[in-house]
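> My questions will all concern the structure given below.
Numbering (full-length UniProt numbering), first residue to last: 1 to 535.
The following block contains the structure:
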């Protein structure tokens with residue numbers, strides 16, 4: 001942990017400095033309803049003011065908005081779009097997928113651009129769930145900066161650490177935005193405490209000195225304002241996002257790219273258009289691309305570089321506000337969508353035909369846990385490499401953050417103790433009387449099937465967030481983590497008479513008339529032991 005003196009020094013310096021100044025999910029569906037053709041034409045003209053039609057890279061800023069789930073990323077994006085003149089028809093306008101609308105969460109990353117004081121800001125809205133971590137990993141390679149949104153009341157949670165680790169690994173310049181400061185429970189002291197927690201999180205994740213010197217802003221995305229100093233009710237002329245937009249231009253570096261080199265682009269996203277087919281989205285690493293340019297797709301393989309397909313660019317598309325429009329050319333540092341190639345996919349390189357070396361691809365995290373059911377019939381079974389390994393059995397450990405009512409703490413801790421969980425922190429939730437927050441570390445295998453048990457134990461009032469932490473030494477067998485089962489010990493047809501006598505024994509999975517076989521699980525026992533039953 002970083003000492004309070006160092007933390008205070010960085011915090012003070014930062015405040016002074018800022019005060020003185022799917023993936024096949026098609027984004028922006030039906031955007032033409034909200035923008036006229038004249039608006040799109042004006043946006044296209046504004047983006048082509050440099051010689052050759054490509055923007056000067058020094059005027060570009062590529063920024064991702066990252067946060068724990070439900071901390072306000074998509075709402076913040078709505079307010080930034082409105083601030084820069086976009087017509088937002090409803091809340092969470094960027095969540096265009098049907099499932100996103102139903103669940104109220106972001107599943108696929110969304111990219112759009114806004115103009116601010118002669119600068120073009122490419123903004124990327126990312127998912128907050130660790131389940132969609134691949135989306136975050138693919139898009140952080142396209143940007144140079146990140147707005148870390150943290151709920152000022154809750155502070156950094158498990159998936160805050162997950163998304164922040166991705167951003168720091170790629171060397172992004174962070175901006176800390178404390179959201180929801182308008183809540184009654186949030187005070188300036190609470191914000192200072194959250195800032196210290198975030199600073200410690202940065203330090204523990206190996207942030208550089210440059211990344212540790214992050215600016216801090218306070219905001220209410222719901223009300224549509226951001227401020228460089230703590231306030232709950234800014235003046236009427238300051239109730240906007242101007243200070244956040246100024247901070248993006250000031251602190252996020254422009255892309256290091258050259259317009260003179262051959263065109264190269266790493267594909268980070270992909271979706272399908274009904275008219276032009278596959279559309280590939282990514283940041284242009286170097287050069288300028290125009291309509292009808294000859295390009296090809298490249299990828300690395302064990303045998304060397306593979307040329308996937310050659311063709312020509314038939315469409316160049318850019319998102320501006322809530323509309324997607326066509327452009328004639330785009331330059332290095334910009335995020336653009338191209339059409340004309342049918343085979344390249346995410347992680348492949350699209351480049352001029354003279355380029356024969358693909359760009360390095362983004363390495364995605366492997367699955368935290370995988371299961372294979374079957375007999376181990378490998379000829380190498382039992383031949384573990386204990387002589388060339390350290391001989392220590394490891395397993396994936398997850399960090400779990402739980403928030404429950406006080407009366408449920410004992411029940412939850414007892415259940416998790418059987419699952420080999422260890423409590424690392426525990427205390428009351430600030431500004432939320434009667435609630436307790438716990439931080440634990442637990443093996444992934446211990447959490448399999450626990451969410452439904454947790455919901456039942458807390459009567460639906462608890463919150464649980466989890467994220468992979470590290471591989472650690474095997475913690476031993478799990479305790480009593482499940483109830484027994486009712487197992488059929490004969491073959492035949494189930495009768496209602498037999499089920500009547502079994503109902504008091506537990507929960508049945510079958511109904512009269514179902515064919516059963518020897519060894520079939522027909523229900524859950526009310527006790528911890530298995531019970532053989534007949535019909």
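For every residue, glycine included, the Cβ atom is placed at its ideal position computed from N, Cα and C. Remember, predicted model here, so these are calculated numbers, not experimental data.
Are there 16 or more other CB atoms within 10 angstroms of the CB of residue 357, so buried, or fewer, so exposed?
Exposed, because fewer than 16 other Cβ atoms sit within 10 Å of the Cβ of residue 357.
> Within its chain, find whatever has a CB closer than 7 angstroms to the CB of residue 31; leave out the 5 residues flanking it on each side and keep chain order.
Unreliable positioning characterises residue 31 in this predicted model, as indicated by a pLDDT of 37, which lies under 50. A coordinate reading is not provided.
> Output the residue ranges of the beta strand (DSSP E) runs that lie fully inside the segment 428 to 455 and measure 3 residues or longer, sorted by chain position.
Entirely contained in the segment 428 to 455, the beta strand (DSSP E) runs reaching 3 residues are, in chain order, 435 to 443.
> Short of 6 angstroms in beta carbon distance, which residues of its chain neighbour residue 80, apart from the five on each side in sequence? Order them along the chain.
Excluding residues within five positions, the ones whose Cβ falls inside 6 angstroms are 241.
> In its own chain, which residues sit with a C-beta less than 7 angstroms from the C-beta of residue 307, not counting the 5 before and 5 after it?
The residues are 296 and 298.
> Okay, do the segment 477 to 488 and the segment 518 to 533 touch, 3+ Cβ pairs below 8 angstroms being the bar?
With a cut-off of 8 angstroms, the segment 518 to 533 and the segment 477 to 488 count as touching, because enough Cβ pairs lie within range.
> Quick check: the Cα distance between residue 523 and residue 459, rounded to an integer number of angstroms?
Cα to Cα, the separation comes out at about 23 angstroms.
> Using a Cβ-Cβ cutoff of less than 6 angstroms, which residues in the same chain neighbour residue 44 once the five nearest sequence positions on both sides are dropped?
Bear in mind that the predicted position of residue 44 carries a pLDDT of just 42, short of 50, making it unreliable; the figure below should be weighed with that in mind. Closer than 6 angstroms at the Cβ level, and outside the excluded window around residue 44, lie 325 and 327.
> Hey, residue 471 and residue 360: beta-carbon distance below 8 angstroms or not?
Their beta carbons are not under 8 angstroms apart, which means residue 471 does not touch residue 360 by this criterion.
> Out of 56, 166 and 72, which one is the CA nearest neighbour of residue 119?
Cα-wise, what sits closest to residue 119 is 56.
> Leaving aside the five residues before and after residue 178 along the sequence, list all residues of the same chain whose C-beta is less than 6 angstroms from its C-beta, in chain order.
Hits under 6 angstroms: 150, 152, 191 and 218.
> Report the option in 409, 374 and 294 whose CA atom is closest to the CA atom of residue 353.
With distances taken between Cα atoms, residue 353 lies closest to 294.
> Which whole runs of the beta strand (DSSP E) in the segment 312 to 400 are 3 residues long or more, in chain order?
You should have 315 to 320, 323 to 326, 329 to 331, 335 to 339 and 349 to 352.
> Please report the residue range of the beta strand (DSSP E) in which residue 58 lies.
Neither: residue 58 is in no beta strand (DSSP E) and is coded neither H nor E.
> Rank 115, 210 and 463 by C-alpha distance to the C-alpha of residue 404 and give the top, closest one.
Nearest of 115, 210 and 463 to residue 404, Cα basis: 463.
> When the distance is taken between beta carbons, is residue 332 closer than 8 angstroms to residue 259?
Yes, they are a contact pair.
> Does residue 111 pass the burial test, meaning 16 or more other C-beta atoms within 10 Å, or should it be called exposed?
Looking at its Cβ environment, which holds 16 or more other Cβ atoms inside 10 Å, residue 111 is buried.
> Nearest to residue 172 by CA position, among 66, 272, 222 and 185, is which residue?
The option with the nearest alpha carbon to residue 172 is 66.
> Return yes when the Cβ of residue 335 is within less than 8 angstroms of the Cβ of residue 283, no when it is not.
Against a cut-off of 8 angstroms, the Cβ pair of residue 335 and residue 283 comes out as a contact.
> Tell whether a beta-carbon distance below 8 angstroms holds between residue 143 and residue 204.
Not in contact: residue 143 and residue 204 (Cβ atoms no closer than 8 angstroms).
> Mind checking which residues open and close the beta strand (DSSP E) that includes residue 179?
Here the beta strand (DSSP E) through residue 179 covers 173 to 179.
> What does a CB cutoff of less than 6 angstroms around residue 517 pick up in its chain, not counting 5 residues either side in sequence?
Taken in chain order, the residues that qualify are 491.
> Would you kindly check if the distance between the Cβ of residue 400 and the Cβ of residue 158 is under 8 angstroms?
In contact: residue 158 and residue 400 (Cβ atoms closer than 8 angstroms).
> For residue 140 and residue 170, what's the separation of their Cα atoms in angstroms?
Each residue's alpha carbon lies about 7 angstroms from the other.
> So, helix, strand or coil for residue 185, using DSSP?
Reduced to three states, the DSSP call for residue 185 is coil.
> Over the uninterrupted beta strand (DSSP E) stretch that includes residue 268, give me the two end residues.
Run containing residue 268: 264 to 273, per the beta strand (DSSP E) assignment.
> Residue 468 by DSSP, collapsed to three states: which one?
It is a strand residue.
> Using DSSP with H/G/I as helix, E/B as strand and the rest coil, what is residue 497?
Helix at residue 497.
> Tell me the rounded alpha-carbon separation between residue 252 and residue 244.
If you take the alpha carbons of residue 252 and residue 244, they lie about 11 angstroms apart.
> Pick out the complete alpha helix (DSSP H) segments inside the segment 203 to 260, 4 residues or longer, and give them in chain order.
Segments of the alpha helix (DSSP H) lying fully in the segment 203 to 260: 209 to 212 and 242 to 251.
> With DSSP run on the structure shown, which of helix, strand or coil describes residue 300?
Three-state result, residue 300: strand.
> In angstroms, rounded to a whole number, what distance separates the CA positions of residue 233 and residue 182?
Answer to the nearest angstrom: the Cα atoms are 8 angstroms apart.
> Residue 507 lies in the alpha helix (DSSP H); which residues open and close that run?
Here residue 507 belongs to no alpha helix (DSSP H); instead the beta strand (DSSP E) covers 506 to 508.
> Can you check which of these residues, 497, 444 and 526, is closest to residue 475 by C-alpha distance?
Selected option, being the one with the closest Cα: 444.
> Could you tell me the alpha carbon to alpha carbon distance between residue 319 and residue 127, rounded to whole angstroms?
Rounded to whole angstroms, residue 319 to residue 127 spans 19 angstroms at the Cα level.
> By the DSSP assignment, the alpha helix (DSSP H) with residue 160 in it spans what residues?
Unbroken alpha helix (DSSP H) run through residue 160: 158 to 169.
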